[in-house]
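Input: a single structure, listed below in C-alpha cells.
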Amino acid sequence: MKNIFHRSILTIFSTIFFTINTAISAQANFTFDEVEIDQNQVIATAMPLSDLNGYSGYKLIILEQRSNERPCWSESEAGLYPILVEPLLLNFNFSGICGRATDSNGYSIRVDGNDLSVSHRLILQNVGGEIKLFGISLTGDKKMIGRSRGLSNGMMKIFLEPGWQFTKRSYQGKVLGHFYFSYDSFAAKQAEIEQRISEIEAQIPDSLEFYDNTNSAIAEGS
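What the sequence shown shows, in mature numbering (1 follows the signal peptide of the UniProt record, and there is no 0), is residues -28 to -1, 1 to 194, in sequence order.
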C-alpha cells in the first residue's frame, strides 16, 4: 500500500514538473524579432489632449504611409519648429493605404534586440518649451527617445534622437503591425564616433591641407 502511494506521489510530481517545464520552454520560444522599415514612411506625433476637468496632456500617435495612393499626412514648412502635422488619413477610408498606432498595443521600445514592452512604457512630457518622448522603466529610469523641437497647440512631429529608429515587430518571419522605437547601442556609438571625426576634420585649416598636398606632390616628383 505504501509503495502504491509513493508511486502515485511521484507520478503527480512528475506530471506537474513536465507541465511547468513545457510552459517555460514554450514561453522561452515565444520571442519577437524586428525588421527594418523605411524611415521616411513613418512618423511619430504628439497630439494635444484636454477635457472638461482641466486635464491637459499629449497622446503619442504613429502614422505610416503604406501605399502611394494618397498621402496619409502633411507637414508644415521644414525648418520652422515645431513641425505641425495634419492627419489627412482622417478624411478618407485609409485601409490598406495608411497605418496608425495609438497606444501600447501598437508600439513599444526595443533596445539592443530586447523587447521592452513589459518593462517600459512610453510617455510624452512638456519639458523646457518642447514635447519630449521618454521611455520609462518600472523602476523609474528615464531615457529620452525624441523631441518636438518646439511647442504648439496642434499635432507636432516628434524627431527621434540619434541612435533611435522605427522598426516593426515580426514573429516567425511574419511582419506584424506593431511598431518599435528601436535603439542599437553599437550602431549609435559608431555614428557618434563618425560624427566626432567629421567635426575634427572640419576644424582642420585649409592651409594645413594645402601644405600636406604640396609635400605629397614634391615627394612624388623626387
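We treat Cβ as the ideally placed atom computed from N, Cα and C, and that holds for glycine.
Computed from a predicted model, the values in this text were never measured in an experiment.
Per DSSP, the continuous alpha helix (DSSP H) segment holding A159 begins and ends at S157 to A174.
Rounded to whole angstroms, the Cβ separation of F131 and R119 is 6 Å, and the two are in contact under 8 Å. Beyond the five residues adjoining it in sequence on each side, H92 comes within less than 8 Å, by CB distance, of S80, I81, G107, I108, S109 and L110 in the same chain, given in chain order.
Taking D75 as reference, the option from G100, S22, A50 and T17 with the minimal CA-CA separation is T17.
Boundaries of the beta strand (DSSP E) around E36: S28 to Q37.
Excluding residues up to 5 positions away in sequence, A18, Y30, L32, I103 and L105 lie with their Cβ nearer than 6 Å to the Cβ of L96 in the same chain.
By the neighbour-count definition (other C-beta atoms within 10 Å, threshold 16), A50 is an exposed residue.
Counting other Cβ atoms within 10 Å of its Cβ, F158 stays below 16 and is therefore classed as exposed.
Residue pairing by DSSP places C70 opposite Q37 in a beta bridge. In this structure, F64 is the residue among F64, Y53, I169 and Q11 with its C-alpha nearest to the C-alpha of R42. For S109, the enclosing beta strand (DSSP E) stretches over residues E102 to S109.
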